[in-house]
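Residue numbers (the working numbering), protein chains in the order written: chain A, 1314 to 1656; chain B, 1314 to 1656.
We treat Cβ as the ideally placed atom computed from N, Cα and C, and that holds for glycine.
All values reported here derive from a predicted model rather than from experimental measurement.
Input: a single structure, listed below in structure tokens.
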DNA sequence: GCATTCTTTGGAAACGTTTCCATACTTTGT
DNA sequence: ACAAAGTATGGAAACGTTTCCAAAGAATGC
């Protein structure tokens, strides 16, 4: 019935066509030395004639490497992550690896499921993006893995990581706001269990300590990323007796919710409320007035992580270093900060 | 020197441990019928004791399916794409497939390279995102592939596709602007070779034809996505003698460039220039005034495409349908449009 | 009660590579 | 000139599954 394609050529077909042994074909395909030019030419001719393409499952089975990198991320639709993945993927592609992607949606089940997939597929390495620190089942599964791993903005015991200096960034922007005279600064920093959030919080606390200010726990909103959550968080904060006079918020999605909340409460920034966001976005840049933002190089971060992982896979010198690599953050001052109003 | 992990258990180890044949183990692992409960229990006990996980390369080699989907996208850092991938990945994950991702960066070489990877790895299906229609080498390579494919917002001969109704959307927003009285409408719609761009242009033309207006080719800027390009495009348009009075632009990145260009030329929207953007973003929503936008359901689009592909892989009834599936666009009216000034 | 079909198991041959070992020539060193 | 080392090739055994075939026993039809 269906006219099937001619069966794909195997290495044996190539050997027969060229009149040589399969081992010679294998050697040519893998660019091994000690091959006479004539043999090489003859084999390549057969390869081209038959359009031979080695079956990577067979290669993986025999040679025990799959030329595959697992990449685990909580949320692909978050531009912060996709930007990093984009950078990392370029490096992997250049090195001849293919990315296998899984979005875990912050669910521990999916994390362990992916670790299982990594094992079954004998992936050569694993790149971990920010994920919940409380997922100990997952880190347990990971420890049994004996596989080169690199984490991005995540703290996994025994795994090297690349991190933005969220603590320093949190410190810098909190100092800035305190310097302007703010004493009640709300922090909408995303899920508490994520490393970037907890680090930023640490910086925030440090700035308060330096200025001998107490931290009001009510001002810290460690909620999930999302504009509607930010909206209701801010509304709630504004209802309170002792309002904040400044807000630090994530730039992606949450900032929009914060702006909505301010607008629908008839407040304007920077006069009624100072604003700083984390992660520079088109919105932060082009809102009027422009919103000061903390930023760092996402593409670079992906690339650095990818290269560390590749180096580990190759067993390079760097392979034993576990200490995190930190990338600097940069504060972009715009016009969303002002002295707080006299009460 | 290095304390290696104990070797991973194979199906043979399990069989030995349970005192049965390997074929029985295989049957249990694959949930085949005709297995006595006692055998099943005995084998599962051995599986758990040895922490057996089947080697997927061996499975792929023997069974000729890799449980893997290739996903080719031009630019991962574009939120439009990553949102769609996010939706598609969820569906694939649910069906037990893993996504293999490649970013082609609009380079034909990378496209053909990935097609080759798809062949070698015997992936089970291929999901294609918007890419250059001029890449005929690539579509040629694809035709030889004999593999279930689905395209998203891309026209590949013989391949079913899921598309947003960019033509209808382009028509609607152009009609809207013409209805306001605009006669010179600039169109900054991204690379001309991409299907969404050319479809929008078709809608734009149709609206002009309906209104018996000529289309000035100078107003059509089929440039690559990017804020700096949009910036210089708009500056150039504003220098011309016969300025446009409205601009249609892509929402991601380009809109920011357009806004910059207006601001640095001392123009404000909607009074000096009407604005509509394609793809709703935080910036469009929260700029003041809000910017009217054309939007469609990205997550849904990814899911629909994924399910069509899965159906094709299973050889389902839908398998033979090649006609594109269209998803509707929706026009969100905000405050970025006004009647053009009297000249 | 006997031929037929179904259920349950085991044995062994693939799947398509890589890699180890053997072998027949060439070099090279002294 | 002869041992040792190097180069170029082939043969065959893995790698870890699935699947086809055979076979023995249990259930069914008439």
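Using the three-state DSSP reduction, which class does residue i fall into: helix, strand or coil?
i	result
residue 1386 of chain B	strand
residue 1465 of chain B	strand
residue 1426 of chain A	helix
residue 1335 of chain A	helix
residue 1522 of chain A	helix
residue 1533 of chain A	strand
residue 1618 of chain A	helix
residue 1472 of chain A	coil
residue 1560 of chain B	strand
residue 1652 of chain A	coil
Any Cβ of chain B within less than 7 Å of the Cβ of residue i?
i	result
residue 1382 of chain A	no
residue 1347 of chain A	no
residue 1315 of chain A	In this prediction, residue 1315 of chain A scores a pLDDT of 35, lower than 50, which makes its location untrustworthy; the coordinate-derived value is nonetheless stated afterwards. No, no contact with chain B.
residue 1485 of chain A	no
residue 1392 of chain A	yes
residue 1430 of chain A	yes
residue 1371 of chain A	yes
residue 1402 of chain A	yes
residue 1441 of chain A	no
Going by CA-CA distance only, name the one from the options that's closest to residue i.
i	options	result
residue 1380 of chain B	A:1575, A:1598, A:1434, A:1383	A:1434
residue 1602 of chain A	A:1385, A:1588, A:1498, A:1375	A:1588
residue 1378 of chain B	B:1410, B:1529, B:1401, B:1334	B:1410
residue 1674 of chain A	A:1472, A:1436, A:1437, A:1442	Summary: the structure shown does not reach residue 1674 of chain A, with chain A confined to residues 1314 through 1656, and so no result is reported for it.
residue 1502 of chain B	B:1491, B:1357, B:1515	B:1515
residue 1490 of chain B	B:1361, B:1407, B:1605, B:1417	B:1605
residue 1259 of chain A	A:1465, A:1328, A:1446, A:1460	Only positions 1314 to 1656 of chain A appear in the structure, and residue 1259 of chain A is not among them; the question remains open.
residue 1524 of chain A	A:1506, A:1372, A:1458, A:1494	A:1494
residue 1335 of chain B	B:1323, B:1414, B:1345	B:1323
residue 1591 of chain A	A:1521, A:1634, A:1477, A:1626	A:1477
residue 1482 of chain B	B:1653, B:1652, B:1645	B:1645
residue 1531 of chain A	A:1551, A:1520, A:1540, A:1512	A:1551
residue 1564 of chain A	A:1388, A:1540, A:1429	A:1540
residue 1697 of chain A	A:1510, A:1538, A:1647	It is not possible to answer for residue 1697 of chain A, since the shown part of chain A is limited to 1314 through 1656.
residue 1401 of chain A	A:1438, A:1371, A:1468, A:1420	A:1438
residue 1529 of chain A	A:1467, A:1558, A:1543	A:1558
residue 1507 of chain A	A:1624, A:1419, A:1521	A:1419
In the DSSP assignment, find the unbroken beta strand (DSSP E) run with residue i in it and report its ends.
i	result
residue 1644 of chain A	1643–1645
residue 1547 of chain B	Counting along the chain, residue 1547 of chain B falls outside any beta strand (DSSP E), though it belongs to the alpha helix (DSSP H) covering 1540–1552.
residue 1455 of chain A	Residue 1455 of chain A -> not in any beta strand (DSSP E); alpha helix (DSSP H) instead, spanning 1449–1456.
residue 1640 of chain A	1638–1640
Can you tell me where the alpha helix (DSSP H) with residue i in it begins and where it stops?
i	result
residue 1320 of chain B	Segment: none, residue 1320 of chain B is in no alpha helix (DSSP H) and carries neither H nor E.
residue 1360 of chain B	1350–1363
residue 1374 of chain B	1369–1376
With 7 Å set as the bound, which would you pick, yes or no: does the beta-carbon of residue i sit closer than that to a beta-carbon of chain A?
i	result
residue 1585 of chain B	no
residue 1648 of chain B	no
residue 1601 of chain B	yes
residue 1411 of chain B	yes
residue 1398 of chain B	yes
residue 1447 of chain B	no
residue 1567 of chain B	no
residue 1366 of chain B	yes
residue 1436 of chain B	no
residue 1732 of chain B	It is not possible to answer for residue 1732 of chain B, since the shown part of chain B is limited to 1314 through 1656.
residue 1326 of chain B	no
residue 1505 of chain B	no
residue 1595 of chain B	yes
residue 1433 of chain B	yes
Compute every distance between the C-beta of residue i and the non-hydrogen atoms of the ligand HEM, then say whether any falls below 6 Å.
i	result
residue 1373 of chain A	In the structure shown, the ligand HEM is absent, as is every other ligand, since no ligand is present at all.
Runs of alpha helix (DSSP H) wholly within the segment 1477–1505 of chain A (minimum 4 residues, chain order): 1479–1492
Uninterrupted alpha helix (DSSP H) stretches inside the segment 1402–1447 of chain A (no shorter than 4 residues): 1421–1433
Residue ranges of each beta strand (DSSP E) within the segment 1562–1613 of chain A, 3 or longer: Runs found: 1587–1591, 1605–1608.
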